[in-house]
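Undergrad:
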Amino acid sequence: MPRCADVAVVGGGVVGCLIARHITERAPGSSVVLLDRETVGSGASRRSAGLHCPRGATERVRRMARYSQDYYDELKVRHPALPIHQVDLSVVATETSEPELREIYLDSARLTRTDDLPDGPPGIRRPANSQVFTCEGAQYADVYALVQALAHELRHVVTFREGVAVEAVDPDAHDTFGGDVVALRLSTGETLTARQVVVAPGPWLAAPAWRELVAPLGARIKKIIALHIDQSPADGHRTIVFHDEDSFLLPLRDRGHWLFSYTCQEWDVDPAATADGLSYDNAVEARESLRRHAPDLAEHAPSGRVFCDAYSVGGEPEVRALDTAGRVVFAGAANGSGYRLAPAIASDAVDLLRLPDPRPRPAQNRRSQP
964 MPRCADVAVV
974 GGGVVGCLIA
984 RHITERAPGS
994 SVVLLDRETV
1004 GSGASRRSAG
1014 LHCPRGATER
1024 VRRMARYSQD
1034 YYDELKVRHP
1044 ALPIHQVDLS
1054 VVATETSEPE
1064 LREIYLDSAR
1074 LTRTDDLPDG
1084 PPGIRRPANS
1094 QVFTCEGAQY
1104 ADVYALVQAL
1114 AHELRHVVTF
1124 REGVAVEAVD
1134 PDAHDTFGGD
1144 VVALRLSTGE
1154 TLTARQVVVA
1164 PGPWLAAPAW
1174 RELVAPLGAR
1184 IKKIIALHID
1194 QSPADGHRTI
1204 VFHDEDSFLL
1214 PLRDRGHWLF
1224 SYTCQEWDVD
1234 PAATADGLSY
1244 DNAVEARESL
1254 RRHAPDLAEH
1264 APSGRVFCDA
1274 YSVGGEPEVR
1284 ALDTAGRVVF
1294 AGAANGSGYR
1304 LAPAIASDAV
1314 DLLRLPDPRP
1324 RPAQNRRSQP
């Protein structure tokens, strides 16, 4: 079990696993340790709706969406069994929103106006003075299952420390251990040193180990709510995005039900508190939102999922060094788009690392050959 590493990645969600994957792709043979206080994928990734819309509110987010879409497409080609599913998508928006839609959706989305109401569950209401657009390039994933697949692929080149919490991060550990290293004090009583550390904590910004390091980012935690609608999606049913309300209906064919996500405005949430499930107020507010678009469906939504995410001040993911020497990098605050933008967040984070030259992997870490 290594006590030192080239890079330690703290956080085993989809972002953390893709950071580890990018490191091993760019610098084969690097020693990488990935730590998570639970099993990988058990946080925000487990509760994610996993919808990728080919859009971005800013040029940087559009670049990230484009990179991530291409990355997932290539990953799916190389590994067809991955739980990434192409889905047809329609956008419902007011007539005055068309210029904004043309700006934020990628050119590859081929946004096309249509007079047809999207194919979906019965009873969808089209608001007055609204337009419908079709869109290409959308997909959704079972993000938890995807993380398990990524971890399975990485285990021969990355050391996984699941169930191990990081209790302290010391970016100036060279005074104690010698050399330019970061020291991580672990819940097991060990100290792991690494030349560089990437912190990808999802919504756990307030963890004592890095709370002071991330405080200057000004990111906040917002609750995310989705309802599960007990009606089975049919072949040909489309994902429907209600642009002006920032909500969507997603046909989860692999699970046999629809998901409705709306924008909850409950801020400064403790991630641990979401374990209590949907609150009465959350359920009422979510059903009221659904009722505006599909009144009948609101009566078939007895359950759902609740979690939270970190939201940045500027509306773009935060990827930056947290210390003056650049040994500790933060990657996250993805504003509810962690899965959608994870490959680009990972790429940008690894761009900030000073990776060692590629070298052969130790024999014990090589995958067995058939």
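Residue 964 is where the sequence shown starts when you use this note's numbering, and the numbers rise one by one after that. The beta carbon of each residue, even a glycine, is placed where N, CA and C say it ideally should be.
#1: Throw me the rounded Cβ distance for the G1086 and G1301 pair, which I believe falls under 8 Å.
#2: Please go through the same chain and pick out, in chain order, the residues whose beta-carbon is closer than 6 Å to the beta-carbon of V1162, but skip the five residues on each side of it.
#3: I want to know whether the stretch 1090-1107 touches the stretch 1050-1064 - three or more CB-CB distances under 8 Å.
#4: Pick helix, strand or coil for C1227, following the three-state DSSP scheme.
#5: Are the beta-carbon atoms of V1120 and P991 separated by less than 9 Å?
#6: Measure how close the beta-carbons of I1188 and L1168 come, nearest whole angstrom, since I'm counting them as under 8 Å.
#7: Tell me the start and end of each unbroken alpha helix (DSSP H) in the stretch 1190-1276 that is at least 4 residues and wholly inside, in chain order.
#8: What's the gap between the Cα of W1335 and the Cα of G1299?
#9: If you reduce the DSSP assignment to three classes, tell me which class S1150 lands in.
#10: Where does R1329 land, buried or exposed, given buried means 16+ other C-beta within 10 angstroms?
#11: Can you pull the DSSP bridge partners for A1131?
#12: For D1217, which residues in the same chain have their Cβ closer than 6 Å to its Cβ, ignoring the five residues on either side in sequence?
#13: Can you name the start and end residues of the beta strand (DSSP E) that L997 belongs to?
#14: Which residues does DSSP pair with V1162 in a beta bridge?
#15: Below 8 Å, can you find three or more Cβ-Cβ pairs linking the stretch 1065-1081 to the stretch 993-1009?
#16: Report the option in R1029, A1044, P1090, L1038 whose CA atom is closest to the CA atom of D1070.
#17: Can you have a look at P1333 and say buried or exposed, based on whether 16 or more other CB atoms are within 10 angstroms of its CB?
#18: Under the rule that 16 or more other beta-carbon atoms within 10 Å means buried, what is S1210, buried or exposed?
TA: In short:
#1: For this step, residue 1086 is matched to residue 123 along the sequence shown. For this step, residue 1301 is matched to residue 338 along the sequence shown. With 8 Å as the limit, G1086 and G1301 do not qualify as a contact, their Cβ atoms being about 32 Å apart.
#2: Position 199 of the sequence shown, counted from the first residue, corresponds to residue 1162. Taken in chain order, the residues that qualify are V973, W1173, F1293.
#3: yes
#4: Locating residue 1227 in the sequence shown gives position 264, where the first residue counts as 1. The answer is coil: DSSP assigns C1227 none of H, G, I, E or B.
#5: On the sequence shown, position 157 is the one that residue 1120 refers to. On the sequence shown, position 28 is the one that residue 991 refers to. Going by C-beta atoms, V1120 is nearer than 9 Å to P991.
#6: Residue 1188 sits at position 225 when you count from the first residue of the sequence shown. Residue 1168 sits at position 205 when you count from the first residue of the sequence shown. Not quite, the Cβ-Cβ distance comes to about 20 Å (not below 8 Å), so this is no contact.
#7: 1243-1256
#8: An answer regarding residue 1335 cannot be provided, because it is not within the stretch 964 to 1333 covered by the chain.
#9: Counting from one through the sequence shown, the residue named residue 1150 turns up at place 187. In the structure shown, S1150 sits in coil (DSSP, three-state: anything other than H, G, I, E or B).
#10: Within the sequence shown, residue 1329 is the residue found at index 366, counting from 1. For R1329, the pLDDT reaches just 44, beneath the cut-off of 50, and the residue's location in the model is therefore unreliable, although a value from the coordinates is still provided. Under this definition R1329 is an exposed residue.
#11: Here residue 1131 corresponds to residue number 168 of the sequence shown, with the count starting at 1. According to DSSP, A1131 bridges with R1148.
#12: If you number the sequence shown from 1, residue 1217 lands on position 254. For D1217, where only same-chain residues beyond five positions count, there are no Cβ hits under 6 Å.
#13: For this step, residue 997 is matched to residue 34 along the sequence shown. Start and end: 995-999.
#14: Start at 1 with the first residue of the sequence shown, and residue 1162 comes out as number 199. According to DSSP, V1162 bridges with V973, F1293.
#15: no
#16: Here residue 1070 refers to the residue found at position 107 when the sequence shown is read from its first residue. Out of R1029, A1044, P1090, L1038, R1029 has the C-alpha closest to the C-alpha of D1070.
#17: Your numbering for residue 1333 matches position 370 in the sequence shown. Below a pLDDT of 50, predicted positions are generally treated as unreliable, and P1333, at 30, falls in that range; the measurement from the model is reported next regardless. By the neighbour-count rule (16 or more Cβ atoms within 10 Å), P1333 is not buried but exposed.
#18: Residue mapping note: residue 1210 aligns to position 247 of the sequence shown, counting from 1. Burial call: buried.
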